[in-house]
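Below: one structure, written as structure tokens.
Protein chains: 2
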Amino acid sequence: MNITKPTLLLDEKKCKDNIKNMISRANRFNCNLRPHFKTHQSIVVGNWFQDLGVSQCAVSSLEMAKYFFNAGWTDITVAFPLNILEHTTANDLARKIKLNLCVESLETVKALNDFLEHPVGIFLKIDAGYHRTGLEAENYAEIEAILEALESNQLITIKGFLQHAGHTYGAHGKKEIDEIHAFTSEKMINLKDHFIKKYPDIIISNGDTPTCSVSENFEHIDEMRPGNFVFFDVMQAEIGSCNYENIAVAMACPVVAKHAGRNEVIIYGGAVHFSKDRIEKDGKTIYGLIAEEKEKGWGNPISGWYVKKLSQEHGTIHIPDEDFDQIKIGDLLYILPIHSCLTANLMSKYYTLEGEEIEMFRYLS
Amino acid sequence: MNITKPTLLLDEKKCKDNIKNMISRANRFNCNLRPHFKTHQSIVVGNWFQDLGVSQCAVSSLEMAKYFFNAGWTDITVAFPLNILEHTTANDLARKIKLNLCVESLETVKALNDFLEHPVGIFLKIDAGYHRTGLEAENYAEIEAILEALESNQLITIKGFLQHAGHTYGAHGKKEIDEIHAFTSEKMINLKDHFIKKYPDIIISNGDTPTCSVSENFEHIDEMRPGNFVFFDVMQAEIGSCNYENIAVAMACPVVAKHAGRNEVIIYGGAVHFSKDRIEKDGKTIYGLIAEEKEKGWGNPISGWYVKKLSQEHGTIHIPDEDFDQIKIGDLLYILPIHSCLTANLMSKYYTLEGEEIEMFRYLS
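Chains as they are written, first to last, in UniProt numbering: chain A, 1 to 365; chain B, 1 to 365.
Okay, here's the thing in structure tokens:
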């Protein structure tokens, strides 16, 4: 493949290994796997899951649900607080597929009861500690009121309680991930126990790649919805969800300028390609790491090299003295993204190492 | 217009006023205006410039140059260090239009001399203090060597010296912007003076919206290439490049959840819509401001309201106690972006206040 501009490469083998590994973990824990597709947003990658027996998925918008419905997915959870303004799309999908939606207030449920024309499954979005959104896991009174408002609607099947432990993204290593997992799981299990008599079919659905990737105790957790694991990224490797060898995407970016005096190389590759997520490490702000080039694909990060700045199309790479002279204008550098979800979303297509082009969902079609 | 999901609105009048204002400034300073189109990336907005007599533009990639060539633009500067891997596109455009490219090393010039088949204009990218990329403005020896290497090629017209004073993005108010402008202008003028005898046609081309928007002294500056001014954004208003009334784009985002206890509202609108640029103000990290809704369009930012967090699709808005109860699920909030270039790039289309859809360049087509 002749790469001349910033290009998102997908290592199909690493990606399929990530998928297989998560499937076998879910099986081992006797936990239903409903992978979140917002990371890859691609029919082709979705098919890789299907080929391995996965038939349910989660998405982050009704539009993305439509996209995967058109690709043959008929059991989809929109793991985002219901946007009542999209009632037409919601009804249209509810008519065609097994659609699960998330609610977290009576206000939303009232609107839902007003517009709903076809059967849907409803999860209550629960806040088990991340504090982004969702109902407080201990707020039984409000949760009960919402359950009753849902129950009154014959079109609604109450699915259970859904949470995303996004605070694992601040964790360092398995021990901290496990602590968060134990903490949130206990809240979710107590919640389910409280309502199971009245609603015997309710389940617990947990998200987040770190816990699903490394934690070992999923007793009483009925479903997992990890998404990022399909590719992983620098952030996940630093959290401890994966090793650097597991990262299945990298951006190939051309070197366009060199500044030996300050150990900087400028690549064609910036915020419009990577987005602007970053990590702090050893007192440095890092927007990406540079992987060694292999005959096919890429290897591990090169020690001491990192993306230190991103503007719209410029990327500034720090390269130590001892390595600097090997860099030539026109070289391609292989950048491991900090956050693969946002990078994939911006690039909107992948190329496998065999040069095959893989199309993605066009956000906001 | 029936808005049901995150939608990028463009106030055509504010945008055209921004364009007119910059044209009259350029005329007043007797300075050629070559607007940078990487902010709007749109043929329609480009035509608004053309209707007002602008016939030259700058872009940030050869692909974007191709896009505007297809829309009838025939005098384009790619204000980015030449990516030698795209020599085919460069030659193809050089054959068809007045194409200006930027170089900043002998290494790039050697490659250019090897592949160039059609006439081009060449700017030397100069670092006048921003220290992102470009040749040190005082490095006359290297600059001279590059000029001579360019001169040897009959297909090349040496255009002059191009710089982008990106460090004005750290400025606060006109005084600081003017100081940076004076500092960089002096370097550029000295540089031109040094080489003008040998190269009588060389010009100085300056970028950056803050100086072009507020500074008054453009004596000896031949060309300005501002881009962001066409829309402006929160960052520019905070720098002092514009007033909040001048911001010509806003994102309409639906409210999907409320958390009165912590004064937070969740919108459907996240990093995949806004990107993740931010400012620090009064000890807060701010990812966007919320403008008051008007019968048509939006007004000024609402005091005390701001976007405090962005994840992939979730936006977390802080709303003070006294205002909180007015918010309803399904309301639309009008968010002024921190960095309109990155937001526009992600949204990939605009809607005018009259509901007219305006298509954009698809980055990485």
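Think of the CB as a built atom: it goes at the ideal place given N, C-alpha and C, for glycine as much as any other residue.
So for residue i, helix, strand or coil by DSSP?
i               : result
G234 of chain A : It is Val, not Gly, that sits at residue 234 of chain A in the sequence shown. Correct three-state label for V234 of chain A: helix.
N206 of chain A : strand
G299 of chain A : strand
E219 of chain A : coil
M64 of chain B  : helix
N343 of chain A : Here residue 343 of chain A turns out to be Thr, not Asn, going by the sequence shown. In this structure, T343 of chain A counts as helix in the three-state DSSP scheme.
H259 of chain B : strand
Q312 of chain A : coil
E245 of chain A : helix
S365 of chain B : Any answer about S365 of chain B is weak, because its pLDDT of 44 lies below 50 and its placement is not dependable; what the coordinates show is given next. The answer is coil: DSSP assigns S365 of chain B none of H, G, I, E or B.
C253 of chain A : strand
F155 of chain B : Reading off the sequence shown, one finds Leu at residue 155 of chain B, where the question assumed Phe. Residue state, collapsed to three classes: coil.
K98 of chain B  : strand
T4 of chain B   : coil
Y268 of chain A : strand
Q41 of chain A  : coil
K14 of chain B  : helix
R135 of chain B : Checking the sequence shown, residue 135 of chain B turns out to be Leu, not Arg. Looking at L135 of chain B - three-state DSSP - the assignment turns out to be strand.
L9 of chain A   : strand
Measure from the alpha carbon of residue i to the alpha carbon of each residue in the options, then state which is nearest.
i               : options                        : result
L353 of chain A : A:K296, A:K308, A:Y334         : A:K296
D51 of chain A  : A:S215, A:K20, A:Y67           : A:K20
A94 of chain B  : B:V78, B:A271, B:V109          : B:V78
I84 of chain A  : B:I97, B:A128, B:I23, B:V255   : B:V255
H118 of chain A : A:A141, A:Q41, A:T157          : A:T157
Y287 of chain B : B:L112, B:G269, B:F361, B:G72  : B:G269
D325 of chain A : A:K309, A:K294, A:G261         : A:G261
K349 of chain A : A:H40, A:D208, A:F218          : A:H40
I317 of chain B : B:A257, B:G355, B:H339         : B:A257
I247 of chain A : A:L10, A:P6, A:I3              : A:L10
R34 of chain B  : B:T209, B:Y140, B:K198         : B:T209
S61 of chain B  : B:W48, B:G170, B:C102          : B:C102
H339 of chain A : A:K308, A:F274, A:I267         : A:F274
L99 of chain A  : A:T108, A:C57, A:A128, A:A71   : A:C57
G330 of chain A : A:A141, A:A252, A:I146, A:E223 : A:A252
P6 of chain A   : A:F361, A:G315, A:M360         : A:G315
T285 of chain A : A:K294, A:G304, A:G299         : A:G304
E280 of chain A : A:P301, A:V307, A:M64          : A:V307
A145 of chain B : B:Q154, B:E107, B:H131         : B:E107
Please compile the residues from chain B whose C-beta is within a distance smaller than 7 Å of the C-beta of residue i.
i               : result
G330 of chain A : I84, L85, A111
K14 of chain A  : Under the 7 Å cutoff, chain B gives no residues; its nearest Cβ is about 22 Å from K14 of chain A.
P254 of chain A : N83, L85
May I ask you to list the residues that DSSP assigns as paired with residue i?
i               : result
Y306 of chain A : A:L289, A:H318
C57 of chain A  : A:I76
Y140 of chain B : Looking at the DSSP assignment, Y140 of chain B forms no beta bridge with any residue, so it has no partner.
K349 of chain A : A:E359
I335 of chain B : B:M251, B:I290
V103 of chain A : A:L124
N32 of chain A  : A:E223
Q163 of chain B : B:N206
I279 of chain A : A:I286
By the criterion of Cβ-Cβ separation under 8 Å, what are the contact partners of residue i in chain B?
i               : result
S311 of chain A : R132, G166
Within 10 Å of its beta-carbon, does residue i have 16 or more other beta-carbons around it, so buried, or fewer, so exposed?
i               : result
T168 of chain B : buried
H172 of chain A : exposed
D282 of chain A : exposed
R28 of chain A  : exposed
P320 of chain A : exposed
S241 of chain B : buried
F37 of chain B  : buried
A250 of chain B : buried
S215 of chain A : buried
A291 of chain B : buried
N2 of chain B   : exposed
Can you name the residues of chain A whose CB is closer than 9 Å to the CB of residue i?
i               : result
G316 of chain B : Per the sequence shown, the amino acid found at residue 316 of chain B is Thr instead of Gly. Correct list: R132, T133.
C341 of chain B : A271, V272, Q312
Should residue i be counted as a contact of the ligand ATP given a C-beta to heavy atom distance under 8 Å?
i               : result
G283 of chain A : Absent from the structure shown: the ligand ATP. Ligands present: none.
Which residues of chain A have a Cβ atom closer than 7 Å to the Cβ of residue i, listed in chain order?
i                      : result
residue 366 of chain B : Residue 366 of chain B is absent from the model: chain B starts at 1 and stops at 365.
K38 of chain B         : Q312
Can you name the residues of chain A whose CB is closer than 8 Å to the CB of residue i?
i               : result
T157 of chain B : Within 8 Å Cβ-Cβ: nothing; T157 of chain B doesn't reach chain A, min ~21 Å.
S60 of chain B  : Q312, E313
I266 of chain B : P81, R132, T133
**Message:** Residues of the segment 272-286 of chain A in Cβ contact with chain E at a cutoff of 7 Å, in chain order, please.
**Reply:** The structure shown contains no chain E; its protein chains are A and B.
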